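In the numbering used here, the protein residues as written are 161 to 266.
Using N, Cα and C, we set each Cβ at its ideal position, and we do this for glycine too.
On a predicted model such as this, the values are computed, not experimentally measured, just so you know.
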Amino acid sequence: MGKLKNSYAELISSSQIMIEALKKNEEKLSKRGIDETFINEMKEVFNGIQQLNEEQEKLKADLKSKTEALNKRIDDLWKKYSEAKKLIKMDIPPSQWKEFGIDDKH
């Protein structure tokens, strides 16, 4: 993989501009190997990357949403756990706390 000096977004944007310029200057550049085939291959790679980038952005959004939902549920569980632990300590002797997964001494 080539070195990426720019972000993906910058590379995608710059590539789109370059592809358009290559199309307009194909006649001048064809002697260097930048012909219709080269431009079409670059455009195909560009389109694939653009699609993958869009899919990745959606996955990032989905992950953020799931993380928020998970954190909410963890908070709910922590509240119930803490409440149960407090009530157990009030009515159950310390010698039996281990049965409930409580390792506290007091």
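Limits of the unbroken alpha helix (DSSP H) element including residue i
i: Q256; result: Run containing Q256: none; DSSP gives neither H nor E here.
Pairwise C-alpha distance: residue j and residue i
i: D235; j: E214; result: 32 Å
i: Q211; j: K239; result: 42 Å
i: V205; j: I177; result: 14 Å
i: A229; j: K183; result: 48 Å
i: E196; j: E187; result: 9 Å
i: L247; j: K232; result: 23 Å
i: A169; j: Y241; result: 45 Å
i: K249; j: I209; result: 58 Å
i: E243; j: L223; result: 30 Å
i: N200; j: A221; result: 32 Å
i: K226; j: A181; result: 42 Å
i: Q216; j: N207; result: 14 Å
i: S190; j: K218; result: 38 Å
Beta-carbon spacing of residue i, residue j below 8 Å
i: I172; j: M202; result: no
i: D264; j: W257; result: yes
Open item on the list: Could you tell me which whole alpha helix (DSSP H) segments of length 4 or greater appear in the stretch 168 to 199?
Closed with: List check, alpha helix (DSSP H) in window: 168 to 184 and 186 to 189.
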